[in-house]
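So the number in the working numbering is just where the residue sits in the sequence shown, counting from 1, plus 464. Since the structure comes first, as structure tokens, the remarks are kept for the end.
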Amino acid sequence: RNEPEPESPEPGAGQAGARRPGPAPLELEAAPAKPGPRAGGSAPEPQLPSMLDMIRPSKGDLSCFFALLMDNLGTILVVCSVTFGSLCGVFGEKGAPKEVTDHLQTVIYKSIVPGLVPTILIGSAYYSWMALRILQGLPAGASITALPYGLNTPASFIFIFGIVVVACKEHWEEWTSGGGSEQDVSQMIKAVDAGLAQGIAANMVGGLISMACALVGPGLVRMAPGPALMIALAGIGFTFLGLLQVLQCAAHAQIGMFTLLLGTLLALGIVRTGVVPPVVALLVIGTSMGWIGSAVGWVNDPDMSSEKLKEAASHISFGYPKISMEAFTAISGIGGRMSELMPVAFSGAIGTVLNVQAAKEQGDNFPMWETLLVDGFTTCIAAVFGSPFPTCVYIGHTQLKRMGGKLAYPVQFGLAYTVLACAGALQLMQVLVPKYAIQPVIVLVGVSIFSQTFEFSEKRHLPACCFGLFPALASFVTEQFNPRDEAAWQTLQALGKGAMIVSVLWCSILITAIDRHFLAASGWGAGAAAL
Numbered sequence: 465r466n467e468p469e470p471e472s473p474e475p476g477a478g479q480a481g482a483r484r485p486g487p488a489p490l491e492l493e494a495a496p497a498k499p500g501p502r503a504g505g506s507a508p509e510p511q512l513p514s515m516l517d518m519i520r521p522s523k524g525d526l527s528c529f530f531a532l533l534m535d536n537l538g539t540i541l542v543v544c545s546v547t548f549g550s551l552c553g554v555f556g557e558k559g560a561p562k563e564v565t566d567h568l569q570t571v572i573y574k575s576i577v578p579g580l581v582p583t584i585l586i587g588s589a590y591y592s593w594m595a596l597r598i599l600q601g602l603p604a605g606a607s608i609t610a611l612p613y614g615l616n617t618p619a620s621f622i623f624i625f626g627i628v629v630v631a632c633k634e635h636w637e638e639w640t641s642g643g644g645s646e647q648d649v650s651q652m653i654k655a656v657d658a659g660l661a662q663g664i665a666a667n668m669v670g671g672l673i674s675m676a677c678a679l680v681g682p683g684l685v686r687m688a689p690g691p692a693l694m695i696a697l698a699g700i701g702f703t704f705l706g707l708l709q710v711l712q713c714a715a716h717a718q719i720g721m722f723t724l725l726l727g728t729l730l731a732l733g734i735v736r737t738g739v740v741p742p743v744v745a746l747l748v749i750g751t752s753m754g755w756i757g758s759a760v761g762w763v764n765d766p767d768m769s770s771e772k773l774k775e776a777a778s779h780i781s782f783g784y785p786k787i788s789m790e791a792f793t794a795i796s797g798i799g800g801r802m803s804e805l806m807p808v809a810f811s812g813a814i815g816t817v818l819n820v821q822a823a824k825e826q827g828d829n830f831p832m833w834e835t836l837l838v839d840g841f842t843t844c845i846a847a848v849f850g851s852p853f854p855t856c857v858y859i860g861h862t863q864l865k866r867m868g869g870k871l872a873y874p875v876q877f878g879l880a881y882t883v884l885a886c887a888g889a890l891q892l893m894q895v896l897v898p899k900y901a902i903q904p905v906i907v908l909v910g911v912s913i914f915s916q917t918f919e920f921s922e923k924r925h926l927p928a929c930c931f932g933l934f935p936a937l938a939s940f941v942t943e944q945f946n947p948r949d950e951a952a953w954q955t956l957q958a959l960g961k962g963a964m965i966v967s968v969l970w971c972s973i974l975i976t977a978i979d980r981h982f983l984a985a986s987g988w989g990a991g992a993a994a995l
């Protein structure tokens, strides 16, 4: 932990902060509150590094920047895709006509995606500044990793299915049940806009609730056992960030399972990439293999075609954040949706509490009440600029700290997202970068959260932790999978049949690879391929 060690009674005794013998350069020590007078002829007191020294990006910051960027972009692209598909599905099996889909694409990529820019910029910059402020009060030589910031993934999905789609469906059914034509394009567009307006207003109310939770968050940490808080986060890591991404990689197993294994080896440092950040290497390799595989027929992915790419490129245009009055005008219709909104808002606040607690376990002690307040405030900003998706402190501080992240990577992410969102690049990336090039990064963040929970739990508490995973798994299955979705159930069945032998094979491949027994890992892989 970032706490000063007691001074050694003898010089050179080896405690933290003791000077090295010999003419080595002067080490940095904590500066006193008021510099005292110098002894005659003595060297000047060592000073803390400057603010520029503290925020100068390191190689670890660069790796964390790409990891956080890919994680957020992957999440945002998936959330946008789910929003588009779910709203189009409201209008029957044939979906929505082209006029409606074009309108929805414009709203998503020219309003919602740029609308996240102010909140991501403010949130990322604030958490970098918070870490800098705390670092300046620590002993010299201490380090700190800023809290990552981004989209609240579980809350975004719940808002889509529980509020946006429901409101859109209610508006459309009210029209059709009153004798309105089911082919009326203008009413379809009004239904879509009504659903999104309800989502934006719900986001505003959810942000206000999160700000109110700043009063009770610290008390929750004091009352609840540490493993109980951590296991709730581990459930999200295991399901939404882990299993969901693995299933989507398995849907294109010829390449997706390779990128998943490669991402694991890169993240653990088993395979090194020199000066190239591991996430960038994985992204380039996965994208190249995806397009080559699609060209030669290895992968049957309808989204990876030159026609789709040209169509996406033709829609690229500059967008910018615009203030949306729906955050205020549609609040009157939120009263009937508080049963969905309240649990989501409280769950988001608890997620922030868990992430701050996880950072504390790594020695980075951030103010709980301040973090909750900032998360709620920035979520309100997102609503003001037309986004129905809440934001929060992001999962994965432990993994980013292990990657060497410090203070600069959140600001780097905020600036990069601003450029990509305003330039309209996300719509092109939806087609250009295959999901299985991004998903391994998300999987590793989820696995890190999951394993960290068990690292910090007492052995006698492990059965309780296992019980704590069951609700998250049930929530994942009920929210993510529709039995009528034939493609999703085919992937589940393919992965689930022979689960015991598949588990043995996967673990054997990974364990031997982690131990650098690559020949043995190849043997296990060949056996798995034969089966």
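Where a beta carbon is used, it is the ideal one built from N, C-alpha and C, also for glycine. Remember, it's a predicted structure, so these values are computed and weren't measured experimentally.
- Judged by DSSP in its simplified three-state form, Val554 adopts coil rather than helix or strand.
- Separation of Ser522 and Trp639 (C-alpha to C-alpha, rounded to the nearest whole angstrom) is 57 Å.
- In this structure the stretch 869-883 touches the stretch 585-603; the number of beta carbon pairs closer than 8 Å is three or more.
- Nearest to Gly757 by C-alpha distance, out of Pro898, Gln826, Ile608, is Pro898.
- Taking C-beta atoms as the reference points, Ala661 and Glu563 fail to come closer than 7 Å.
- Spatial neighbours of Thr842 in its own chain (CB-CB distance under 7 Å, excluding positions within 5 residues in sequence) are listed in chain order as Thr583, Ile586, Gly587, Thr855.
- Between the alpha carbons of Met687 and Tyr858 lies a gap of roughly 23 Å.
- In the DSSP assignment, Val735 falls outside any beta strand (DSSP E) and carries neither an H nor an E.
- Pairwise C-beta distances place the stretch 888-908 in contact with the stretch 704-719, as three or more of them are shorter than 8 Å.
- When the five nearest sequence neighbours on each side are left out, the beta carbons in the same chain lying within less than 6 Å of the beta carbon of Lys865 are those of Thr609, Gln826, in order along the chain.
- In this model, Leu580 and Val760 are separated by some 38 Å (Cα to Cα).
- Beta-bridge partners assigned by DSSP to Val857: Tyr613.
- Per DSSP, the unbroken alpha helix (DSSP H) holding Phe792 starts and ends at 790-793.
- Rounded to whole angstroms, Thr617 and Ala606 show a C-alpha spacing of 32 Å.
- Going by beta carbons, Ala715 and Thr955 fall inside the 7 Å limit.
- Listed in chain order, the non-local C-beta contacts of Leu732 below 7 Å within the same chain comprise Ile978, local neighbours out to five positions each way being set aside.
- Pairing Ser796 with Met802, the inter-Cα distance amounts to about 12 Å.
- Cβ-Cβ separation between Pro578 and Cys886: approximately 6 Å, consistent with a contact (criterion under 8 Å).
- Boundaries of the alpha helix (DSSP H) harbouring Glu637: 629-641, taken from the DSSP string.
- Taking the CA atoms as reference points, Val838 sits about 8 Å from Met675.
- For Arg801, there is no enclosing alpha helix (DSSP H), since its DSSP letter is neither H nor E.
- A buried status is given to Ala936, since no fewer than 16 other beta-carbon atoms sit within 10 Å of its beta-carbon.
- A check of alpha carbon separations from Ser778 across Leu969, Leu533, Gln891, Ala928 identifies Gln891 as the nearest.
- In the structure shown, the three-state DSSP call for Ser522 is coil.
- Pairing Pro612 with Cys929, the inter-Cα distance amounts to about 25 Å.
- Three or more beta-carbon pairs separated by less than 8 Å link the stretch 622-641 to the stretch 652-666, which places the two stretches in contact.
- One thing to note: Ser620 has its Cβ within 7 Å of the Cβ of Phe853.
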